[in-house]
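See structure below.
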Amino acid sequence: CKATVIKLCRCGKTEREMLCHQELTCERRCTNMRACGRHPCKRRCCDGNCPPCEEVCGRRLRCSNHKCPAPCHSGPCRPCPLTSDVRCACGRSHVTIPCGAEQWARPPRCEAPCKVPPLCRHAPITPPHKCHFGPCPSCPSPCCTALPCGHVCTFPSCHDLAPPPVRAFEQPKPPTARQQGEGDAKPSKKGGRGGKDSSTGVETGPAVQAAVRAAEAVQQEAAAARQRCPPCEMPVPVWCFGRHDQVQVPCSRACPFDCGKPCGRPLPCGNHTCSLPCHVPAQEQQQQQQAEVGISAKAPGAPTPCQQCTRSCSRQRACGHACPLACHQGACPPCQVMVRQLCHCGKTSLQLECDVLARQQAAAGGASEAGGGSAKQRQRAVTEAAVATSVQHPNVVIT
């Protein structure tokens, strides 16, 4: 129809004279809110029947990792559809967790034995442990290895090399829509791809594979460590050099020692003892001491003989005169000190050796006592015996 008429636009805000068959639309945009309640209509010359919102929602989901991909809507968004796959160290067990729960992720429980081989000497008797992250449990067995000294190693625990630790568990990274589409939403792990267990054919995770390779690399070093033990700490009794004191010391440090006391061994004179500080005895004494103590190792330091006695004889003689000899064994020699002896009248004196005079006095005294004589008679007998002796001994002098 080509008649000219006055028409209103669809929104009713514009009026214009135009041909009947033409439709009038204005350029004004609709300011009404769409059904989502978040976006305005913005359609030109809207008749009030606003179409559904065509924009993407874009609100942050509860996972805090992604935005809502659905068309704009009212009300709360649906949960994030993405998930992550968390595996154990060996890769046999896994659990699926929703997106957003990565920080609370824990490794799944796995009953499979740990694939990291033990390196200690107790490996044949050590019970297997389960799959895990982090270091393997320490060996519970004490060493108890026989040592060259005859004792056993007293170290309270196994001191061999520990197996390389499995890498610590790491929380998975948030999944991406591309991973979810490919069905590969797995936790992010460092260390490359895993391998397959030759015994079961099950794929193992990269964490345990790295530890297994590290254990294989140190097998030679571990074998050498199994031949070594710490020094023996078994307490054993040890005497000092001079056998004055005995102490308990660890077997690895057992050897005679200097106690600081004087030696005290008898000197060849038989009267005195060695005053040197505690020292290693002479060779024959050292061998005897080692046999008694039971120590095969030689005492430190060269054997030192005891000192020689340089003192004078200090024995008390009956006559009161000192012995002129150096310190000696046995009885002292006869006293040869010249002494003066008066006769019984007191007018004549004799000089003769002390020992000779002592013998004459003993003989004369015995005879006088047997005869019952007085003291004056005994003195006269001694004088007469001394005069008689002067004839036989040239050392006797009469004055």
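Per the working numbering, the very first residue in the sequence shown carries number 1; after that it's consecutive.
Each residue gets a CB set at the ideal place from its N, CA and C atoms; glycine is no exception.
From this set, the options, which residue's C-alpha is nearest residue i's C-alpha?
i	options	result
glycine 150	Glu54, Cys232, Glu170 and Cys158	Cys232
arginine 401	His321, Ala322, Cys319 and Cys327	Residue numbering for the chain in the displayed model covers 1 to 399; residue 401 lies beyond these limits and cannot be assessed.
cysteine 99	Ala177, Cys120 and Thr348	Ala177
valine 238	Arg228, Glu54 and Pro250	Pro250
cysteine 46	Arg28, Arg38, Cys36 and Gly58	Arg28
proline 174	Glu221, Lys67, Arg265 and Arg359	Lys67
aspartate 355	Gln227, Pro124 and Cys332	Cys332
cysteine 26	Ser157, Arg16, Cys158 and Arg253	Arg16
alanine 211	Gly37, Val166 and Lys130	Val166
cysteine 437	Val152, Pro117, Cys30 and Glu54	Because the chain is modelled from 1 through 399, residue 437 falls outside the range shown and cannot be assessed.
tryptophan 104	Val86, Pro281, Asp258 and Cys269	Val86
arginine 38	Val56, Gln336, Pro262 and Gln22	Val56
proline 142	Leu8, Ala101, Pro230 and Cys63	Pro230
leucine 267	Pro305, Ala70 and Arg62	Pro305
threonine 83	Pro235, Val95 and Gln307	Val95
histidine 122	Ala146, Arg226 and Asn49	Arg226
cysteine 319	Gly330, Gln307, Gln308 and Val337	Val337
glutamine 171	Val152, Thr126, Val218 and Ile97	Ile97
alanine 400	Cys259, Pro107, Gly270 and Cys335	In the structure as shown, the chain begins at 1 and stops at 399. Residue 400 is therefore absent and cannot be evaluated.
cysteine 9	Cys110, Arg228 and Glu23	Glu23
proline 163	Arg213, Gly270, Cys153 and Gln361	Arg213
arginine 243	Arg265, Arg340 and Ala224	Arg265
cysteine 11	Cys1, Lys2 and Cys30	Cys30
What residue does the alpha helix (DSSP H) around residue i start on, and which one ends it?
i	result
glutamate 170	That residue, glutamate 170, is in no alpha helix (DSSP H); it is neither H nor E in DSSP.
proline 206	206-217
What does the Cβ neighbour count give for residue i, buried or exposed, with the cut at 16 atoms within 10 Å?
i	result
leucine 19	exposed
lysine 42	exposed
lysine 115	buried
serine 157	exposed
leucine 357	buried
histidine 129	exposed
histidine 21	exposed
cysteine 131	buried
glutamate 102	buried
arginine 34	buried
alanine 254	buried
proline 209	In the sequence under discussion, the amino acid at residue 209 is glutamine, which differs from the proline named in the question. Buried, by the Cβ-count rule.
valine 247	exposed
valine 5	exposed
alanine 168	exposed
cysteine 274	buried
aspartate 160	buried
Could you spell out the range, first to last residue, of the beta strand (DSSP E) harbouring residue i?
i	result
threonine 145	Careful: threonine 145 lies outside any beta strand (DSSP E) and carries neither H nor E.
valine 95	94-98
serine 157	From DSSP, serine 157 is part of no beta strand (DSSP E); its letter is neither H nor E.
threonine 4	4-8
proline 250	246-250
arginine 87	83-87
glutamate 54	Where glutamate 54 is concerned, there is no enclosing beta strand (DSSP E), given that its DSSP letter is neither H nor E.
serine 349	349-353
leucine 19	15-19
proline 237	235-239
Does DSSP put residue i in a helix, a strand or coil?
i	result
leucine 276	coil
glutamine 341	strand
glutamate 102	helix
alanine 362	helix
alanine 326	strand
glycine 294	Unreliable placement is indicated for glycine 294, whose pLDDT of 43 sits below 50; no coordinate value is reported for it.
arginine 253	helix
glycine 191	Note that glycine 191 scores a pLDDT of 36, beneath 50, so its modelled location is shaky and nothing firm can be said.
For residue i, decide whether its Cβ has a neighbour in chain C, counting only Cβ atoms nearer than 7 Å.
i	result
histidine 66	Here chain C cannot be found, since the structure has a single protein chain.
The ligand COA and residue i: does any heavy atom of the ligand fall closer than 6 Å to the residue's C-beta?
i	result
methionine 33	The ligand COA is absent from the structure shown, which contains no ligands of any kind.
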